Amino acid sequence: MLAKKSGYSLRAVNKAEAGGTLSVETIGILAEALTTEDDPVYAEDLITDQRRLARQFLDAYTKHGIAMLDHCHEIFDPDVVLRVDGDPDESPIAGEYYGLDGFQDFLNRFFHFFRRAEDSLFEQAEMLVSDTSVALIGKEKLCLVGTVPDPDDPGGLLVLHLHFSGGKIVRVDDRYEANGLKHYILDRIDDFRRLQDEADFHP
């Protein structure tokens, strides 16, 4: 089917599927053959190692926190969209963030309000890879800045779903136990309001 659509021999297509070396022109033609009206495919999509980029994202997040973009900005599309679960009226981080500036705004908010327990960093996340996305699945234990983490807290489930197009991350879906975070904040509302008052952005 692909050989017929692309105009290449079955041998060339089999070589591509087996990881053999192909010319840039051939890769471009194969991408064009795979493209549909609703689902464009770019040459970069066929040669991008999504697992490697996801690992770079994960390493930057776990090791550098608020400064992660200084270490991995090149893996993002400039117009990347970050979608964070939860109700913006109940969570200081919920909502949609646009572009690298928006992504940095999220990081500023997250690390203004929360710190991560060292024994629960997300670096051991399980990685599930599909054709155009990678899901990072693990647990992370948070506490409000200025408070002490509960040693009995097992941490909450965190799923970061990275979507790729053109060899870049174009969307990140941040899914976590939003209801649990809401109740955690309500139980520590005085500490939360203190952090709101100290924020140099609109919480």
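The sequence shown begins at 1353 in our numbering and counts up one residue at a time. Positions of the beta carbon are idealized from the N, C-alpha and C atoms, including for glycine. Small disclaimer: the values here were computed from a predicted structure and weren't measured.
Query, Result
"Hey, quick one: how far does the alpha helix (DSSP H) through A1406 stretch, first residue to last?", "Q1402 to H1416"
"Looking only at its own chain, which residues have a Cβ that is under 7 Å from the Cβ of Q1402, when we skip the five neighbours before and after it?", "V1481, V1486 and F1516"
"Smallest Cα separation from L1488: which of T1414, R1545, D1552 and L1512?", "L1512"
"Between the beta-carbon of F1462 and the beta-carbon of I1445, is there less than 8 Å?", "yes"
"Between the alpha carbons of D1549 and G1447, how many angstroms are there, rounded?", "20 Å"
"Ordered along the chain, which non-local residues of its own chain (more than five positions away) have a Cβ less than 8 Å from that of I1521?", "L1405, F1409, I1427, F1428, D1429, V1432, L1514 and H1515"
"Excluding the 5 residues preceding and the 5 following F1544 in the sequence, name in chain order all residues of the same chain whose CB lies nearer than 7 Å to its CB.", "L1496 and I1537"
"May I ask you to report which of helix, strand or coil DSSP gives G1447?", "strand"
"How about D1526 and D1437: are their beta carbons less than 8 Å apart?", "yes"
"What did DSSP end up calling K1493 once you bin it into helix, strand or coil?", "coil"
"So if DSSP puts D1525 in a beta bridge, which residue, or which two residues, is it bridged to?", "R1435 and H1513"
"Work out the CA separation of T1388 and G1490 for me, nearest whole Å.", "34 Å"
"Since F1466 is in the beta strand (DSSP E), which residue starts that stretch and which ends it?", "F1466 to R1468"
"Can you tell me whether A1419 is buried or exposed? The criterion is at least 16 other CB atoms within 10 Å of its CB, across all chains shown.", "exposed"
"In the structure shown, what three-state DSSP assignment does D1539 receive?", "helix"
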